[in-house]
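Undergrad:
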Amino acid sequence: MSPNWTATSSLLGASPDEHPPPPRRVFLSRLVSLTTLAALGASALAGARLVLRYLYPRQGLSRRRRIFLAPRSELPPGATRSYTLPGGQSAIVRNTGTAWVALSDVCPHLGCKVRWDEAAGGFLCPCHAGLFSKEGKALRGPPADEGKDLRRYPVETIGDNIFIEIEEHL
Ligand code: FES
Numbered sequence: 456m457s458p459n460w461t462a463t464s465s466l467l468g469a470s471p472d473e474h475p476p477p478p479r480r481v482f483l484s485r486l487v488s489l490t491t492l493a494a495l496g497a498s499a500l501a502g503a504r505l506v507l508r509y510l511y512p513r514q515g516l517s518r519r520r521r522i523f524l525a526p527r528s529e530l531p532p533g534a535t536r537s538y539t540l541p542g543g544q545s546a547i548v549r550n551t552g553t554a555w556v557a558l559s560d561v562c563p564h565l566g567c568k569v570r571w572d573e574a575a576g577g578f579l580c581p582c583h584a585g586l587f588s589k590e591g592k593a594l595r596g597p598p599a600d601e602g603k604d605l606r607r608y609p610v611e612t613i614g615d616n617i618f619i620e621i622e623e624h625l
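According to the working numbering, the sequence shown is numbered sequentially starting from 456.
#1: Tell me where the alpha helix (DSSP H) around Ala557 begins and ends.
#2: Do the region 581-598 and the region 499-509 make contact, defined as three or more Cβ pairs closer than 8 Å?
#3: Indicate, with yes or no, if the ligand FES has a heavy atom lying under 7 Å from the CB of His624.
#4: Taking 8 Å as the limit between beta carbons, can you name the residues of its chain near Leu540, skipping five residues before and five after?
#5: If you drop the 5 nearest sequence neighbours on each side, which residues of the same chain put their C-beta closer than 7 Å to that of Cys567?
#6: Got a sec, what are the start and stop residues for the beta strand (DSSP E) Gly585 sits in?
#7: Since I believe Leu558 is in contact with Arg607 (beta carbons under 8 Å), could you give me their beta-carbon distance rounded to a whole number of angstroms?
#8: Closer than 6 Å is what we want: which residues have a beta carbon that near any heavy atom of the ligand MG? List them in chain order.
#9: For the beta strand (DSSP E) containing Asp572, name the first residue and the last one.
#10: Please identify the residue among Thr553, Gly515, Gly543 whose C-alpha is closest to the C-alpha of Pro531.
#11: What did DSSP end up calling Met456 once you bin it into helix, strand or coil?
#12: Three-state secondary structure (DSSP) at Pro531?
#13: Between the alpha carbons of Pro526 and Asn550, how many angstroms are there, rounded?
#14: Within 10 Å of its beta-carbon, does Pro563 have 16 or more other beta-carbons around it, so buried, or fewer, so exposed?
#15: Taking its Cβ as the centre, do 16 or more other Cβ atoms sit within 10 Å of Pro598, making it buried, or is it exposed?
#16: Using the three-state DSSP reduction, which class does Arg504 fall into: helix, strand or coil?
#17: Check each candidate in Val569, Val610, Asp615, Leu489 and name the one with the smallest Cα separation from Gly596.
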């Protein structure tokens, strides 16, 4: 049974069409609708952004930086010296007799610190006896089995000075 609008309207004294909703009610109703739509749109955009970032991870910004190490005279042939780089990591710089080579002192196997070993003629890792050449190539032990060399930093000489080039993540 449908309501008797005529009877109800006559009770109130007017039909619903004769009195449209007050402008304030219409305004508030539209405001709520628009706010809801805006919130849904913002949520959809945020969700799409998360999905895109997951699918296409953004590469971190970085820049290359040249850092002064020492005058050439302080690293004669056969000399090895350790440096702490601005990011906190260490580099071992060695004069091989033909060039200056800068290597990370972190073993690529499990992260132990390597050191120059005169008897072995290379960089030795004390943890699992990994051995690296003076240029950082893995020669023996787990790093050689896995084909993991020491990380090498570019070295540049300008005039009488030696510089290392590092990559900084911004
Ligand atoms: S951590 Fe260097 S050889 Fe295992």
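From the three backbone atoms N, C-alpha and C, an ideal C-beta is built for every residue, glycine too.
TA: Based on what the coordinates show:
#1: Following the DSSP letters along the chain, one finds Ala557 in no alpha helix (DSSP H) but inside the beta strand (DSSP E) bounded by residues 555-559.
#2: Taking one beta carbon from each stretch, the region 581-598 and the region 499-509 have fewer than 3 pairs nearer than 8 Å; the two do not touch.
#3: No, since every heavy atom of the ligand FES falls outside the 7 Å radius drawn around the Cβ of His624.
#4: Only residues of its own chain outside the window of five on either side were considered, and among them Ile522, Ala546, Ile619, Ile621 have a CB closer than 8 Å to the CB of Leu540, listed in chain order.
#5: Around Cys567: Cys580, Pro581, Cys582.
#6: Gly585 -> no beta strand (DSSP E), and no H or E assigned at all.
#7: Contact flag correct, Cβ pair sits at about 6 Å.
#8: What this structure holds is the ligand FES, not the ligand MG.
#9: Unbroken beta strand (DSSP E) run through Asp572: 570-572.
#10: Cα-wise, what sits closest to Pro531 is Thr553.
#11: Confidence is the limiting factor: at Met456 the pLDDT is only 45, short of 50, which leaves the residue's position unreliable, though a coordinate-based value still follows. When secondary structure is reduced to three states using DSSP, Met456 falls in the coil class, being assigned neither helix nor strand.
#12: In the structure shown, the three-state DSSP call for Pro531 is coil.
#13: Answer to the nearest angstrom: the Cα atoms are 12 Å apart.
#14: With 16 or more neighbouring CB atoms inside 10 Å of its own CB, Pro563 falls in the buried class.
#15: Buried is the call here.
#16: Helix at Arg504.
#17: Measuring from the Cα of Gly596, the nearest candidate turns out to be Val569.
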